[in-house]
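Heads up: the structure comes next, in structure tokens.
Residue numbers (the working numbering): 1380 to 1486.
Structure follows, in structure tokens:
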């Protein structure tokens, strides 16, 4: 896997995981119909719509970061990759490259 593919995978995988979880909640009303004591279908439908909305917002944010990175407005690694959001470590606040995974101190 090359650096560009790794970067895109790390950028868009969280949104895909949330969308898959929300779609799995769509299966819950079928399962909940067999449970005694009431139907959870309205709750699972609200959770599914909320999960898909959250996935859409995450996807839009990822596209926005990618668009800014292509225009040089996001911090970049010397390899040309997009940097992650800042994370605390014992060495201070660091950003990791989504392509090569090298740490870079936040400036």
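Each residue gets a CB set at the ideal place from its N, CA and C atoms; glycine is no exception.
* Check the DSSP bridge columns for residue 1465 and list the partner residues they point to. => Looking at the DSSP assignment, residue 1465 forms no beta bridge with any residue, so it has no partner.
* Asked: Nearest CA to the CA of residue 1385: which residue from 1470, 1471, 1459?
  -> Taking residue 1385 as reference, the option from 1470, 1471, 1459 with the minimal CA-CA separation is 1459.
* Start and end residues, beta strand (DSSP E) containing residue 1473 -> From DSSP, the beta strand (DSSP E) with residue 1473 extends over 1471 to 1475.
* **Delimiting residues of the beta strand (DSSP E) encompassing residue 1484** => From DSSP, the beta strand (DSSP E) with residue 1484 extends over 1482 to 1484.
* Asked: Which one or two residues does DSSP pair with residue 1389 in a beta bridge?
  -> According to DSSP, residue 1389 shares a beta bridge with no other residue.
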